[in-house]
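S.K.: Protein chains in written order, with this note's numbering: chain A, 1179 to 1403; chain B, 3 to 179.
From the three backbone atoms N, C-alpha and C, an ideal C-beta is built for every residue, glycine too.
As the structure is a prediction and not an experimental result, all values here were calculated from the model.
Okay, here's the structure, questions in a sec.
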């Protein structure tokens, strides 16, 4: 078994409510119910996503000791994608159009694609993505070692399907809520507006509108310089 | 998820992402004006500094983001000008240290996501894969705890009723300097 990664991107999630104890066999059994299933021989374009372990990338075994991540529980999911190679499709389309001496109609193109899919997809190997996460049960925290939207959405969906517990991304509002700030501060957090820092490079001392993120603009609170 | 289904996390980043950007700008201010050293509960002392990569958020849809990389971007005239214009940081590469451990990471402020993280070197006593996994898991957790503690310190100031008259005024003075 290799070691967990020591570099890369990470997204934190929290959950509320009760989650199975990773020390119990029931936790491993829950992973097994949503284990990865191969699409190696599939004859259609497909995506398969499911749990595996760091020891067994097939998804056939879930021993508790294989989930040992020190202070955390080491989760790994596998996402395979099978797709018709577009360059093959283009080559066959070009050949068919050359033979005909004119462009194929939309219906003919669709038929050609279906025909090629039947012939080629059983021979196409899926791409494989393995994504790790560390779950800290006592802190109700999961660190996902992938930042892409696709991996994040696949992971949160798989986690919910497995444990029926939704994950909340630890963004500025969510992290603030977890701090136990007290009722007044929490209300202030919910209602916070961007600070409008003064633009001291402008002779009139005007203040820039303060965007809520890097896009839209609002105005309201001001820093009294 | 269907394309048109509202995503609560995305909506929250749109409505409160500015707090992450204010937090990152505040970290710069704390580093430059107060040395970037923070003491947390239990005597935990953490040092934070900005490294060699900064992106300033666009002040409006019509204006551009500004990226500065390599060397010491916080010392450049471009960075000072951006601060004087009242711009917030959108992303920055951070150096975070606690005792002998040091992390580097790029913080995406609006989502508080960390990219390009480098953990401290594995402890010398790590002899096996499971030793290394245990050590690294502890370091990943510590990094998240430090981020949460720093953000908590920021929000403690930011959400105080007298924030604008005190802390924000002092930061505005630094930004204009």
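Buried or exposed: which applies to residue 1346 of chain A, given that a residue is buried once 16 or more other Cβ atoms fall within 10 Å of its Cβ?
M.R.: Counting Cβ neighbours within 10 Å, residue 1346 of chain A comes out buried, since at least 16 surround it.
S.K.: For chain B, check one thing: does any of its Cβ atoms lie closer than 8 Å to the Cβ of residue 1395 of chain A?
M.R.: Low per-residue confidence applies at residue 1395 of chain A: pLDDT is 36, beneath 50, and the placement is therefore not dependable, though the value from the model is reported in the following sentence. For residue 1395 of chain A, the answer is yes, since a Cβ of chain B falls inside 8 Å of its Cβ.
S.K.: Jot down the residue ranges of each uninterrupted beta strand (DSSP E) in the region 1319-1346 of chain A, minimum 3 residues, whole runs only, in chain order.
M.R.: The region 1319-1346 of chain A contains these whole beta strand (DSSP E) runs: 1319-1322.
S.K.: I'd like to know whether the C-beta of residue 1325 of chain A is nearer than 8 Å to at least one C-beta of chain B.
M.R.: Judged by the 8 Å Cβ criterion, residue 1325 of chain A is in contact with chain B.
S.K.: In terms of residues, what are the limits of the alpha helix (DSSP H) holding residue 1280 of chain A?
M.R.: Where residue 1280 of chain A is concerned, there is no enclosing alpha helix (DSSP H), given that its DSSP letter is neither H nor E.
S.K.: What first and last residue would you give for the beta strand (DSSP E) that runs through residue 129 of chain B?
M.R.: No beta strand (DSSP E) contains residue 129 of chain B, which DSSP labels as neither H nor E.
S.K.: Is any beta-carbon of chain B found at less than 8 Å from that of residue 1262 of chain A?
M.R.: No - not a single Cβ of chain B is within 8 Å of the one on residue 1262 of chain A.
S.K.: So, does the CB of residue 34 of chain B fall closer than 8 Å to a CB anywhere in chain A?
M.R.: No - not a single Cβ of chain A is within 8 Å of the one on residue 34 of chain B.
S.K.: Of all the residues that make up the region 1257-1291 of chain A, which are near chain B by a beta-carbon distance shorter than 7 Å?
M.R.: Against chain B - using a Cβ distance shorter than 7 Å - the region 1257-1291 of chain A contributes no residues.
S.K.: Given a threshold of 16 other Cβ atoms within 10 Å of its Cβ, counted over all protein chains shown, does residue 1292 of chain A qualify as buried or as exposed?
M.R.: Classification for residue 1292 of chain A: exposed.
S.K.: For a test of the three-state rule: what should DSSP assign to residue 176 of chain B, helix, strand or coil?
M.R.: Looking at residue 176 of chain B - three-state DSSP - the assignment turns out to be helix.
S.K.: Who are the Cβ neighbours of residue 134 of chain B in its own chain at under 7 Å, not counting the five residues just before and after it?
M.R.: 124, 128.
S.K.: Anything in chain A within Cβ reach of residue 118 of chain B, meaning under 8 Å, just list it in chain order.
M.R.: In chain order: 1185, 1186, 1187.
S.K.: Check the Cβ-Cβ distances between residue 53 of chain B and every residue of chain A, and say whether any is below 8 Å.
M.R.: No, because no Cβ of chain A sits closer than 8 Å to the Cβ of residue 53 of chain B.
S.K.: So, is the C-beta of residue 159 of chain B closer than 8 Å to a C-beta in chain A?
M.R.: No, because no Cβ of chain A sits closer than 8 Å to the Cβ of residue 159 of chain B.
S.K.: Taking C-beta pairs closer than 8 Å, name the residues in chain B that residue 1377 of chain A reaches, listed in chain order.
M.R.: Near residue 1377 of chain A (Cβ distances below 8 Å), the residues of chain B are 86, 87, 88.
S.K.: Name the chain B residues that come within less than 7 Å of residue 1181 of chain A, Cβ to Cβ?
M.R.: Near residue 1181 of chain A (Cβ distances below 7 Å), the residues of chain B are 131, 134, 135, 138.
S.K.: Step through the CB atoms of chain A and report whether any lies within less than 8 Å of the CB of residue 164 of chain B.
M.R.: For residue 164 of chain B, the answer is no, since every Cβ of chain A falls outside 8 Å of its Cβ.
S.K.: Since I believe residue 1214 of chain A is in contact with residue 1228 of chain A (beta carbons under 8 Å), could you give me their beta-carbon distance rounded to a whole number of angstroms?
M.R.: Confirmed, about 3 Å.
S.K.: With H, G and I counted as helix, E and B as strand and the rest as coil, what does DSSP make of residue 1397 of chain A?
M.R.: Because the pLDDT at residue 1397 of chain A is just 34, under 50, the model does not fix this residue reliably, and the point stays unresolved.
S.K.: Here's the rule: buried if 16 or more other CB atoms are within 10 angstroms of the residue's CB, otherwise exposed. What is residue 5 of chain B?
M.R.: Low confidence applies here, because residue 5 of chain B scores a pLDDT of 45, under 50, leaving its location unreliable; read the following figure in that light. Classification of residue 5 of chain B: exposed, given that the 10 Å Cβ count is below 16.
S.K.: Considering only the alpha carbon of each residue, which of B:161, B:165, B:114 lies closest to residue 146 of chain B?
M.R.: Residue B:114 is the option with its Cα nearest to residue 146 of chain B.
S.K.: Look at residue 1372 of chain A and residue 20 of chain B and say whether their C-beta atoms are less than 8 Å apart.
M.R.: Going by C-beta atoms, residue 1372 of chain A is nearer than 8 Å to residue 20 of chain B.
S.K.: With 16 other CB atoms within 10 Å as the buried threshold, where does residue 1157 of chain A fall?
M.R.: Residue 1157 of chain A cannot be examined here, being either before or after the span of chain A that is shown, 1179 to 1403.
S.K.: Rounding to the nearest angstrom, what Cα-Cα distance links residue 104 of chain B and residue 98 of chain B in this structure?
M.R.: Approximately 6 Å, taken between the alpha carbons.
S.K.: Is it buried or exposed for residue 1304 of chain A, if we count other Cβ within 10 angstroms and need 16 for buried?
M.R.: Looking at its Cβ environment, which holds 16 or more other Cβ atoms inside 10 Å, residue 1304 of chain A is buried.
S.K.: Decide if residue 1402 of chain A is buried, meaning its Cβ has at least 16 other Cβ atoms within 10 Å, or exposed.
M.R.: Any reading at residue 1402 of chain A must be qualified, since the residue scores a pLDDT of 47, below 50, and its modelled position is unreliable; the value itself is stated next. By the neighbour-count rule (16 or more Cβ atoms within 10 Å), residue 1402 of chain A is not buried but exposed.
S.K.: Count the CB pairs spanning the region 49-68 of chain B and the region 81-92 of chain B that are closer than 8 Å, and state whether there are at least three.
M.R.: Touching, yes, given that three or more Cβ pairs across the two stretches are closer than 8 Å.
S.K.: CB-CB under 8 Å to residue 106 of chain B, same chain, minus the five flanking residues each way: which ones, in chain order?
M.R.: The residues are 53, 95, 96, 97, 98, 118, 119, 120.
S.K.: Between the region 1232-1254 of chain A and chain B, which residues of the former have a C-beta closer than 8 Å to a C-beta of the latter?
M.R.: From the region 1232-1254 of chain A, only 1246, 1247, 1248, 1249, 1250, 1252 have a Cβ closer than 8 Å to chain B.
S.K.: So who's on the other strand from residue 1270 of chain A, going by DSSP bridges?
M.R.: According to DSSP, residue 1270 of chain A bridges with nothing at all.
S.K.: Kindly list the residues whose CB is nearer than 6 Å to the CB of residue 31 of chain B, restricted to its own chain and excluding five residues on each side of it in sequence; keep chain order.
M.R.: Only 173, 176 meet the Cβ criterion.
S.K.: In angstroms, rounded to a whole number, what distance separates the CA positions of residue 1330 of chain A and residue 1195 of chain A?
M.R.: In a straight line, the C-alpha of residue 1330 of chain A is about 21 Å away from that of residue 1195 of chain A.
S.K.: If you check the beta carbons only, do residue 1311 of chain A and residue 1321 of chain A fall under 8 Å apart?
M.R.: Yes; because the gap between Cβ atoms is below 8 Å, this pair is in contact.
S.K.: Just to confirm before moving on: does the CB-CB distance between residue 131 of chain B and residue 1185 of chain A stay below 8 Å?
M.R.: Cβ atoms of residue 131 of chain B and residue 1185 of chain A: not closer than 8 Å.
S.K.: Examine chain A for any beta-carbon lying closer than 8 Å to the beta-carbon of residue 105 of chain B, and answer yes or no.
M.R.: With 8 Å as the cut-off, residue 105 of chain B does not count as an interface residue toward chain A.
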